[in-house]
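Per the numbering used here, the very first residue in the sequence shown carries number -9; after that it's consecutive. Just so it is clear, CB atoms sit at the ideal spot from N, CA and C, and this is done for glycine as well.
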Amino acid sequence: MRLNKILGIALAVAAVTTFSSASLAKDIVRISHTQIETHPDHIGFVAFKDYVEKKLGDKYEVQIFPNSQLGANEKVLELVKQGAVQFLSVSTANIEAFNKKYAVFSVPFLFTSEKAFEAFVTKPEVLAKLSSDAKKDGFEALGAFTAGTRNFYSKTPIRSVKDLEGKKFRVQAGPTNVAMMTAFGAAATPMSFGEVYSALQQGVIDGAENNELALTDQKHGEVCKYFSYDGHQMCPDLLVGSEVFLSKLSPEDRKVFQEAAVEAQTVEFAAWHKSVDAAKEKAKAMGVEFINVDANEFREKVLPLHQELLKANPAMKEMYDEASAFNANFK
Ligand code: GCU
C-alpha cells in the first residue's frame, strides 16, 4: 500500500515534469548555408534569427549552421524537402536539379545590369512565381540574397574569350552551366562549393567562376591570381523554407517568418554592398590581379546559346521573357 502510494506520487511527478518540459520546449528551427560567419548571407540570417526570436522567442529557437556544417547545398536541399532542416540559402543553380525553372538565372548575360538583377530577384511576384510549385518541390523561396556578379578567375590570365579555350573550370551543378562552358570553348567541371579550393590546389581544375568574396572567404585567391570581369552570370542565393515546416505554421507565425525573410534580405543586400570592395582590396593584397576584359566579346560568344537553352528547357521561358523585358527599366 505504502509502496503503491510512493510509486503513484513518482508517476504523478514524472507526468507533471514531462508535461511542463514539453510545454516549455521550443521548436528548433535549423538554418544551413555554405558561407563563413562574416559573409553577408550569414549576417542576413542573424537578422532573421533575431526577428523571429524577438516576436516568437517563446516558441522557436533558431540555430544557424554556417560553413556547410550540415553538408553541401545540393544535399541539404533534400533535407529541407524532408523537413529536417527548415531554412537554407541556396544558389538557384543548385535548385535546377529539383525544378528546371530555376535554371533561368544560369542563362549567361540574362541581366544587362546588376541593378536590374537586384530589383528583379527581390520582386515578391518573382519569388511567388518561382514558388508556385512549392507543394511538389517541398520548399519555397521566401526571399533572395544577392551574390553579385559571377566572373572567371584562373591560374593564368583570361584577357579575352580565347583564353578560356581548352581550360577546365569548376561550375555550379546543372546542365545549363555545362552548356555555357561548352559554348565558351572550355570544359566544365561541376562540383560543390566546398570542394573547389582543394580541386584548384591539386590542379584538378584550372580555374573557377564566382564573385570577389570567393577569393578571400574561400581562399581561392591563394591559388588563382587573375580575376577577369566578364560578368557572365548573376545568380541569387534564395532563402528557401521547408514546405513541411511552413505548411504547419499558423497564419500568424507564418507571417512572422515571412517578415523575417524580408528583413534578412534587406540586411544581406546592405552587407553585400559593403563587402565587395573590401574583398577586392584584400584579394589585391593576396596578389590577385583584376582584369577588365571586353565583356561584349564574352557576351556575343554565348548569346546564340539562349535559344538552345530555352528549347531544351521550356519551363524557364516565362521567367526568361520577364527578366529580358525588365532590363529595359535600367538602361
Ligand atoms: C556563391 C553563392 C553560393 C554558391 C557558390 C558556388 O558563393 O553565394 O550560394 O554555392 O557561389 O559557386 O557554389
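For A315, the closest C-alpha among the options F38, T24, F110, E271 is that of F110. By the beta-carbon neighbour count (other beta carbons within 10 angstroms, threshold 16), D153 is buried. Scanning Y310, V151, V194, K238 for the CA closest to the CA of N282 turns up V151. Ranked by how close their Cα comes to the Cα of I54, the residues L67, A62, H23 have H23 in first place.
In this structure, F142 is the residue among P147, F142, K49, S188 with its C-alpha nearest to the C-alpha of A178. Inter-residue distance for E27 and N57 is about 8 Å (C-alpha atoms, whole angstroms). For Y41, the enclosing alpha helix (DSSP H) starts and ends at 30 to 46. In the assembly as shown, G164 is a buried residue. Its beta-carbon has 16 or more other beta-carbons within 10 Å. Counting only runs of at least 4 residues, the stretch 188 to 254 fully encloses the following alpha helix (DSSP H) elements, listed from N- to C-terminal order: 203 to 206, 233 to 236.
With the rule of 3 Cβ pairs closer than 8 Å, the stretch 69 to 84 counts as touching the stretch 226 to 240. Here the alpha carbon of S265 sits roughly 29 Å from the alpha carbon of K45.
Per DSSP, the unbroken alpha helix (DSSP H) holding D311 starts and ends at 307 to 316.
Per the coordinates, the alpha-carbon of M181 lies some 39 Å from the alpha-carbon of P241. In this structure, the ligand GCU has a non-hydrogen atom nearer than 7 Å to the beta-carbon of S81. Residue environment: E86 is assigned as buried (16 or more neighbouring CB atoms within 10 Å of its CB, all protein chains considered).
In terms of side-chain proximity, the C-beta atom of F174 is found no nearer than 7 Å to any non-hydrogen atom of the ligand GCU.
For I18, the CB contacts under 7 Å within the same chain, skipping 5 residues up- and downstream, are E51, Q53 in chain order. DSSP lists N200 as the bridge partner or partners of N141. Pairing L117 with A134 gives a Cβ-Cβ distance under 8 Å. For T179, the three-state secondary structure derived from DSSP is strand. Collapsing the DSSP output to three states places E279 in a strand.
When DSSP states are grouped into helix, strand and coil, R289 belongs to the helix group.
Boundaries of the beta strand (DSSP E) harbouring D17: 17 to 22, taken from the DSSP string.
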